[in-house]
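**Q** Residue numbering for the sequence shown is 1 to 417, as defined by full-length UniProt numbering. Idealized CB from N, CA, C, for every residue including glycine. Predicted, not measured: the structure shown is a model, and the values here were computed from it.
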Amino acid sequence: MFDGPLKVLVTQVYGYLLVFLAAGMFVGELLRTNGTQRRQTVYLLVVFSMLVGSTMVKVAGVVPIYFDPTSVLYSFSGLFFAYSIREHGLLKFVPVAREQTFDEITDPIFVIGSSGHIVDANRAGSQLSDQSVIGTKIEQLISESAVSSDEQDTGVIKLELDGGTRIFSIEASEIVYGRGVTGKIVVLSDITALKEREEELDLLKQVLSRIFRHNIRNDLNVIAGFAAIIRDSTNGETARSADRIHTRSMKVVDQAAKARKIETVLSYAETDQRPLEEYLSKVKQNMPAELLSCVSFAVDDVVLDAHPRFDLALTELIENAISHHSGEEPIAVRVTTDVSPTDVTIIVEDNGPGLPPSEFAVLEAGEETDLEHGSGIGLWLVYWIVSRSNGTLSVQVSDSGTEVRITLNRPDSTPDV
1 MFDGPLKVLV TQVYGYLLVF LAAGMFVGEL LRTNGTQRRQ TVYLLVVFSM
51 LVGSTMVKVA GVVPIYFDPT SVLYSFSGLF FAYSIREHGL LKFVPVAREQ
101 TFDEITDPIF VIGSSGHIVD ANRAGSQLSD QSVIGTKIEQ LISESAVSSD
151 EQDTGVIKLE LDGGTRIFSI EASEIVYGRG VTGKIVVLSD ITALKEREEE
201 LDLLKQVLSR IFRHNIRNDL NVIAGFAAII RDSTNGETAR SADRIHTRSM
251 KVVDQAAKAR KIETVLSYAE TDQRPLEEYL SKVKQNMPAE LLSCVSFAVD
301 DVVLDAHPRF DLALTELIEN AISHHSGEEP IAVRVTTDVS PTDVTIIVED
351 NGPGLPPSEF AVLEAGEETD LEHGSGIGLW LVYWIVSRSN GTLSVQVSDS
401 GTEVRITLNR PDSTPDV
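1) For the putative contact between residue 79 and residue 54, defined by C-beta atoms under 8 Å, what is the C-beta separation to the nearest angstrom?
2) Who are the Cβ neighbours of residue 231 in its own chain at under 7 Å, not counting the five residues just before and after it?
3) Can you tell me the Cα-Cα spacing of residue 157 and residue 174, whole angstroms?
4) For the stretch 25-83, which segments carrying the beta strand (DSSP E) assignment without a break, of at least 3 residues, lie completely within its bounds, in sequence order?
5) When you compare only the Cα positions, how much space is there between residue 308 and residue 271?
6) Taking 7 Å as the line, does the beta carbon of residue 167 fall inside it for any heavy atom of the ligand GDP?
7) Got a sec, what are the start and stop residues for the beta strand (DSSP E) residue 273 sits in?
8) Does the structure place the stretch 298-316 close enough to the stretch 271-287 that three or more beta carbon pairs sit under 8 Å?
9) With C-beta atoms as the reference, is residue 263 less than 8 Å away from residue 340?
10) Helix, strand or coil for residue 242, going by three-state DSSP, please let me know.
11) Distance check for residue 345 and residue 398, CA to CA, integer angstroms please.
12) Would you kindly work out how many angstroms separate the C-alpha atoms of residue 332 and residue 349, rounded to a whole number?
13) Could you give the residue range of the alpha helix (DSSP H) that holds residue 195?
14) Confirm, please, whether the CB-CB distance from residue 336 to residue 322 is below 8 Å.
15) If we ignore side chains and look at the alpha-carbon of each, how far apart do residue 393 and residue 198 end up?
16) Taking CB distances under 8 Å as the criterion, tell me whether residue 234 reaches chain C.
17) Thinking C-alpha only, which one of 176, 180 and 187 is nearest residue 168?
18) Could you give the distance in angstroms between the alpha-carbon of residue 407 and the alpha-carbon of residue 190?
19) Helix, strand or coil for residue 411, going by three-state DSSP, please let me know.
20) Is it buried or exposed, residue 370, if we count other Cβ atoms within 10 angstroms and call 16 or more buried?
21) Can you tell me which of 257, 233, 180 and 183 puts its alpha carbon nearest to the alpha carbon of residue 211?
22) Over the uninterrupted beta strand (DSSP E) stretch that includes residue 345, give me the two end residues.
23) At the level of alpha carbons, what is the spacing between residue 405 and residue 381?
24) Looking at residue 71: is its Cβ nearer than 8 Å to the Cβ of residue 50?
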């Protein structure tokens, strides 16, 4: 059909169209990838450009007719290609490693195309069905094996497999390639062991809580009552021993009550927006009059975004300051505030000797001290309330006393109160 120069021209145009199409694919891959794969694409593009350039300069007549640069550039491109293979694993490590990693992961993984159908799956994903999963919808695949889903957690599902019922969490992420989203990756993570452990811990918590709060506490109240009778009806060493029994028994009873408060605190997941004065009213209402007489309040009219039982933290700090007081000077505890546009700092300070060093770890890191100190579990309660309020807590101790500062975020808007 074509003869002479026209045939040569058509052949060259067709050949270079294919060349530029391939070059465009390399450039597109370069823009879409990153890390090692991008470096490998650069090496391929350089080698490709050297090979194509060697022929183009010859065809275009850029070099003299007696000089052929093809052999020289081919040699350099070969050396560069060999270097990229040796030093950077071109066309070897990353594709093989990724493919093997994809198949070896024990959690089922599915690649979903833009149409919503599965286009690829690892070995674990393929084993979820006796038939091929490719081309099916993920919803259909899951529904065939589903036992039930957790109504409280839409990302958790139970599947009936050959090895029995397994619990999976479902996580999905979009695949962004080029200019937009081309699909998504769905991962089913086997959390059966985790869920079973959660159930075991919850059962253990209920058993220990019931025994500790009811059985042991009731027995200790009986022991404390008899100890008080012995103390009041005797004297000398017997009375002193009975008094120690009564004191220690009541201390454990008090700790059991605080443990119940911690259980209540941890049951709340959200914060509330309430005036600080509302929390202080609960403090004043529940605190014995002899303790409340040692406390002064000078706070701003401000709304807090805090744990619903934030009053327990304030009560614990005040009672802790009073219990650690010693010396001839009367105990004085002050509750004040420092308000800024973004946060509120509640300050509880006293004129006592200061917190013992053993208690610092509780307030600053939430580490429970030896309960022999008596206040350890109470300060642990303070830490968790502040933590659940998304706040920060700091302690400063000086010769004049202890200052505990709780800083909380101010709500964006003041609710109707």
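**A** So, from the data block:
1) With 8 Å as the limit, residue 79 and residue 54 do not qualify as a contact, their Cβ atoms being about 14 Å apart.
2) 239, 242, 243 and 246
3) Those two C-alpha atoms are separated by around 21 Å.
4) none
5) 6 Å
6) With respect to small molecules bound, the structure shown includes none, and the ligand GDP cannot be examined in it.
7) Start and end: 272-275.
8) yes
9) no
10) helix
11) Between the C-alpha atoms of residue 398 and residue 345 there is a straight-line separation of about 19 Å.
12) For the pair residue 332 and residue 349, the Cα-to-Cα distance works out to about 8 Å.
13) 192-210
14) no
15) Near 30 Å, if we compare the C-alpha coordinates of residue 198 and residue 393.
16) Among the chains in the structure shown there is no chain C, since it carries only a single protein chain.
17) Of 176, 180 and 187, the residue nearest in Cα terms is 187.
18) 40 Å
19) coil
20) Confidence in residue 370 is poor, its pLDDT being 47 and thus under 50, which makes the residue's placement unreliable; the coordinate value appears in the next sentence. By the 10 Å Cβ count, residue 370 comes out exposed.
21) 257
22) 343-350
23) Rounded to whole angstroms, the separation of the alpha carbons of residue 381 and residue 405 is 15 Å.
24) no
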